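If you're matching positions, the sequence shown starts at -3 in this note's numbering and goes up one per residue. Idealized CB from N, CA, C, for every residue including glycine. For clarity, every value in this text was computed on a predicted model and none was experimentally measured.
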Amino acid sequence: MQPSDRDEIRELLKRTAVALKKGNVPFALCGGYAAWVLGAPEPDHDADFLVPAAEAERAAKVLADAGLEVQDPAEDWLLKVVSGGSFVDVLWRTCGHPVETDLIERSEVRPVLSVQMPVLAATDILVTKLMALDEHYCDFARMLPVARALREQVDWAEVGREVAGNDFAVVFLDLLDRLDVVPRTSAA
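Shown next, in the form of structure tokens:
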């Protein structure tokens, strides 16, 4: 990512959060930028927000009313806010399940690029990232720095319970144990 691209995505992230806040839409920063706020490396692609499934249509209207370019992609679980070559995903489904308000409510309001916004909790960040692993996307190299950076902030026993049905995630937890990133006793 070029520095100007990073500036563009950061600006779009802020504008999206401010619009959702002003529109009183419950939301939380998630994905790579949420992990970055908690100490992981800055991502080199888009930013992501979660909104409850029941708020999806209202979120789209609030963002459009704020003057942001909103695109409705083929996927039926997200919309994209676009500016130049950058975009922010606003998701109302994650890991194949509708986003519920309790996930948003567990978030903690933090300063992100000088904007106060809810950021997904470290445990929830890891669970959502691990549950996205499957035979089509299984990039442990991208996950490892995030797990290392967030390890003291994560309830690993909870992560283990939540991802137990995803073999790719379970194997990643085993890798963390083998690398002494997280002891298996706390990850299972």
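Please report the straight-line C-alpha distance between residue i and residue j, rounded to a whole angstrom.
i: phenylalanine 136; j: aspartate 44; result: 20 Å
i: glycine 80; j: glutamate 7; result: 11 Å
i: glutamate 71; j: valine 84; result: 14 Å
i: phenylalanine 164; j: methionine 127; result: 8 Å
i: glycine 28; j: aspartate 176; result: 23 Å
i: leucine 25; j: glutamate 101; result: 12 Å
i: arginine 144; j: aspartate 42; result: 21 Å
Measuring alpha carbon to alpha carbon, tell me which of the options ends up nearest residue i.
i: methionine 195; options: Arg2, Val21 and Asp1; result: The requested residue 195 does not occur in the structure, where the chain is confined to residues -3 to 184.
i: tryptophan 32; options: Asp151, Arg138 and Arg174; result: Arg138
i: leucine 75; options: Arg54, Cys91 and His93; result: Arg54
i: tryptophan 152; options: Gly161, Pro141, Val178 and Tyr133; result: Val178
i: glutamate 104; options: Asp61, Ala118 and Tyr29; result: Ala118
i: alanine 49; options: Val123, Lys18 and His93; result: His93
i: alanine 52; options: Leu87, Leu25 and Lys18; result: Leu87
i: leucine 122; options: Asp42, Arg147, His132 and Arg11; result: Arg147
i: aspartate 3; options: Ser82, Phe23, Val77 and Val58; result: Ser82
Can you find the residues in the same chain that come closer than 7 Å, C-beta to C-beta, to residue i, ignoring five residues on each side of it along the sequence?
i: valine 14; result: Val111
i: methionine -3; result: Residue placement at methionine -3 is flagged as unreliable, the pLDDT there being 49, under the threshold of 50; the coordinate-derived value follows with that caveat. Only Asp40 meet the Cβ criterion.
i: arginine 89; result: Ala49, Trp73 and Val95
Considering only residues of the same chain and omitting the five flanking positions on each side of residue i, which have a CB-CB separation below 6 Å?
i: alanine 56; result: Val66 and Leu75
i: proline 37; result: Pro141
i: alanine 184; result: Legend: pLDDT at alanine 184 = 48, less than 50; position of this residue unreliable, value from coordinates given subsequently. Closer than 6 Å at Cβ, skipping near neighbours: Gly156.
With residue i and residue j assumed to form a contact (beta carbons below 8 Å), what rounded beta-carbon distance in angstroms separates them?
i: leucine 46; j: valine 95; result: 5 Å
i: leucine 109; j: leucine 9; result: 7 Å
My parser needs the alpha helix (DSSP H) runs of 4 or more residues fully inside the stretch 31 to 89; what are they?
Whole alpha helix (DSSP H) segments, 4+ residues: 52 to 61.
Write down every uninterrupted run of the beta strand (DSSP E) in the stretch 107 to 181 whose length is 3 residues or greater and which is fully enclosed by it, in chain order.
Whole beta strand (DSSP E) segments, 3+ residues: 111 to 115.
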